[in-house]
Amino acid sequence: MRQRAGHVVHGDLVNGVTDVCLSFPAAFDDAGDVHWHTLFTQRLYAVVWHGHRLAKRRSIGFAELAEEPVVALDGDHTLRRLFDDACRRHGVTPPIIFEGTDIATLRGLIGARLGVGVLPRAPVRHPGTVEIRTDDEELVRPIAVGWIADRYLPPSAAAFRDTAIAAFADRDPHRPD
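When we follow the working numbering, the leftmost residue of the sequence shown carries the number 490, and every step to the right adds one.
Next up, the structure:
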């Protein structure tokens, strides 16, 4: 497995470079022969720095981000596609002041007060940032394990796939966390 942009991970799987992948399956117009099993769905949040004018709010309208400088993943990443789709739904075009390739970098820039972002909840609390729910119920991303159904899976890859599926078996994979 590799950590890369979604379309690269998907391409590696389809082309036989990797045996399994974790990704956002709806991001690919042509899924090829990939079989997807959704593990869980992540809600995306507006992320601002402590002290930001929105930081004390429990929720915000997505359109409230319209005038905010935004740090975002570059266009190769599925999170960026979700952000751009939400902007279109709400008719806003916030200024993107930084495009990166790593969520941790974006959180650091947000904590340094350089911009705001739209990201999944951090696995551990990030100092200097606040996550705020938005009014956009479509601002979610399912995470799935994918493999080619008719292709041989080495035992280690099959074990990874099966372990990932078992680890999330008690959750509703379509209900955002």
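All C-beta atoms, glycine included, are put in the ideal place defined by N, C-alpha and C. Remember, it's a predicted structure, so these values are computed and weren't measured experimentally.
Requested in this report: Let me know the secondary structure DSSP gives P662 once reduced to three states.
Outcome: DSSP places P662 outside both helix and strand once states are collapsed to three, so it counts as coil.
Query raised in the report: Given that a residue counts as buried once 16 or more other Cβ atoms are within 10 Å of its Cβ, and exposed if not, what is G635?
Result: With 16 or more other Cβ atoms inside 10 Å of its own Cβ, G635 counts as buried.
Query raised in the report: Out of curiosity, what's the CA-to-CA distance linking I637 and G505?
Result: Their backbone Cα atoms lie some 9 Å apart in a straight line.
**Report entry** Backbone secondary structure at P612 - three-state DSSP
**Finding:** Looking at P612 - three-state DSSP - the assignment turns out to be coil, as it is neither helix nor strand.
Report task. Buried or exposed for R547, please, with buried defined as at least 16 other CB atoms from any protein chain shown within 10 angstroms of its CB. Result -> R547 should be labelled exposed.
Query raised in the report: Taking contact to mean at least 3 C-beta pairs separated by less than 8 Å, is the stretch 619-630 in contact with the stretch 566-580?
Result: With a cut-off of 8 Å on Cβ pairs, the stretch 619-630 is in contact with the stretch 566-580, counting three or more such pairs.
Requested in this report: Ignore the nearest five residues each way along the sequence and tell me which others in A646's own chain have a CB closer than 6 Å to its CB.
Outcome: Result list for A646: D508, V509, in chain order.
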